[in-house]
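Structure record follows, encoded as structure tokens.
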């Protein structure tokens, strides 16, 4: 769970021919103007990440003690969805979940950031050192779907309050489609901004729990100890990448496939099994950032 600048990101996979790692994070963490002028159409792109210079934005967790590395890993953009003009300005505060993600690539290089930032080298076909004792980034599947009622871990690096700069985790619950619709109506009645934004079941899940700036994609205010958080589904991310990949030429596919998991992309069905009562499927399920936690049917209510 690295930092993306001052926000959160996730190492998705190391199952790539190039050996580079796939990084997934929210588009708004890049900031207005990173992929095009604010207020303009940002066109979707799945292309050679080595075509453009990398940026020192990713800070991995160190293997020895779990602290954040002071040396920056270099981020190269592999895929970004289309962002409409009305959502690409205003510091990306108006961006909706179906547009609020990107997939990047990092390699083995590390760049000194103090006292002055170093200059990134071109993209290398070398693997970064990632703290992954269970090999979750190298064994398929590397992503998971969610079932309504699932409990998930909402994790990342808060930027406000008592947990600012400290890795934090909360346990939250995935709402069903009908519960999500009811939550939107509830928020609308309360005058919350999220109540004016329709639920988008293809692209997002809505989860009941607590999140803070630095972890969330979009979220409501807190009411009586309850908060609703929007999270981009990893199934949607994979689908967008695959559909864009299919439209590429053979030569473009040959380049892009070096940095993706082997085609077809990984299954998004959680693996069965586990101990009765409670088990963890530590697979990337969505962007908030969310890790799937499976509560089995014999759990107590």
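Numbering (our numbering), first residue to last: 165 to 465. Every residue gets a Cβ at the ideal spot worked out from N, C-alpha and C, and that includes glycine.
Taking DSSP's pairing of strands, which residues face residue 288 in a bridge? Position 124 of the chain shown holds residue 288. For residue 288, which the question treats as bridged, DSSP gives no partner whatsoever.
In chain order, what residues of the same chain have a beta carbon less than 6 Å from the beta carbon of residue 332, not counting five sequence neighbours either side? The count along the chain shown starts at 1 and reaches residue 332 at position 168. Closer than 6 Å at the Cβ level, and outside the excluded window around residue 332, lie 322.
Assuming residue 240 is part of the beta strand (DSSP E), what are its boundary residues? Counting from 1 along the chain shown, the entry for residue 240 is found at position 76. Taken as a continuous stretch (DSSP letters only), the beta strand (DSSP E) holding residue 240 covers 236–244.
8 Å contact criterion, which residue 186 and residue 238 should meet: CB distance rounded: The residue labelled residue 186 in the question sits at position 22 within the chain shown. The residue labelled residue 238 in the question sits at position 74 within the chain shown. At roughly 14 Å, the Cβ-Cβ gap does not stay under 8 Å, so residue 186 and residue 238 are not in contact.
Have a look at residue 269 and residue 364 and give me their C-alpha separation to the nearest angstrom. Numbered from its first residue, the chain shown carries residue 269 at position 105. Numbered from its first residue, the chain shown carries residue 364 at position 200. Those two C-alpha atoms are separated by around 27 Å.
Please return the same chain residues whose Cβ sits closer than 7 Å to the Cβ of residue 282, not counting the five positions on each side in sequence. As a working note, residue 282 is residue 118 in the chain shown. The residues are 275 and 276.
Whole angstroms are fine: how far does the CA of residue 240 sit from the CA of residue 199? What you label residue 199 is simply residue 35 of the chain shown in a count that begins at 1. What you label residue 240 is simply residue 76 of the chain shown in a count that begins at 1. Spanning the two alpha carbons is a distance of roughly 12 Å.
Please determine, among 208, 225 and 202, the residue with the shortest C-alpha to C-alpha distance to residue 320. Residue 320 sits at position 156 when you count from the first residue of the chain shown. The shortest C-alpha separation from residue 320 is found at 225.
Would you identify the three-state DSSP class for residue 307, choosing helix, strand or coil? Indexing the chain shown from 1 puts residue 307 at position 143. DSSP places residue 307 in strand when its eight states are reduced to three.
Helix, strand or coil: which one does DSSP assign to residue 186? In the chain shown, the residue the question calls residue 186 occupies position 22. Strand at residue 186.
Nearest candidate by alpha-carbon position, reference residue 259, set 278, 290, 407 and 204: Against the chain shown, residue 259 aligns to sequence position 95. Closest by alpha carbon: 204.
Quick one: give me the first and last residue of the alpha helix (DSSP H) that residue 337 is part of. Taking the first residue of the chain shown as position 1, residue 337 is located at position 173. Here residue 337 belongs to no alpha helix (DSSP H); instead the beta strand (DSSP E) covers 332–338.
Would you kindly report the start and end of the unbroken beta strand (DSSP E) that includes residue 266? Counted from its first residue, the chain shown places residue 266 at position 102. Here the beta strand (DSSP E) through residue 266 covers 266–270.
Using beta-carbon positions only, say whether residue 110 and residue 387 come within less than 8 Å of one another. The chain is shown only over 165 to 465; residue 110 falls outside these bounds and no answer can be derived.
Using the beta-carbon count (16 or more within 10 Å), is residue 255 buried or exposed? Here residue 255 corresponds to residue number 91 of the chain shown, with the count starting at 1. So residue 255 counts as exposed.
Stretch pair the segment 172–183 + the segment 298–312: three plus CB contacts closer than 8 Å: Judged by Cβ distances under 8 Å, the segment 172–183 makes contact with the segment 298–312, as three or more pairs qualify.
Residue 351 in three-state terms, based on DSSP: Residue 351 sits at position 187 when you count from the first residue of the chain shown. Here residue 351 sits in helix by DSSP.
If you follow the alpha helix (DSSP H) that residue 419 is in, where does it begin and where does it stop? Locating residue 419 in the chain shown gives position 255, counting from the first residue. That run of the alpha helix (DSSP H) goes 414–420.
Buried or exposed: residue 245, going by 16 or more other Cβ atoms within 10 Å of its Cβ? Start at 1 with the first residue of the chain shown, and residue 245 comes out as number 81. Looking at its Cβ environment, which holds 16 or more other Cβ atoms inside 10 Å, residue 245 is buried.
6 Å CB neighbourhood of residue 311 in its chain, flanking five on each side removed: Residue mapping note: residue 311 aligns to position 147 of the chain shown, counting from 1. Nothing listed; no residue qualifies.
I need the DSSP call for residue 344, collapsed to helix, strand or coil. Taking the first residue of the chain shown as 1, we reach residue 344 at position 180. If DSSP states are grouped into helix, strand and coil, residue 344 belongs with the helices.
Distance, residue 202 Cα to residue 250 Cα: As a working mapping, residue 250 is identified with position 86 in the chain shown. As a working mapping, residue 202 is identified with position 38 in the chain shown. C-alpha of residue 250 to C-alpha of residue 202: approximately 9 Å in a straight line.
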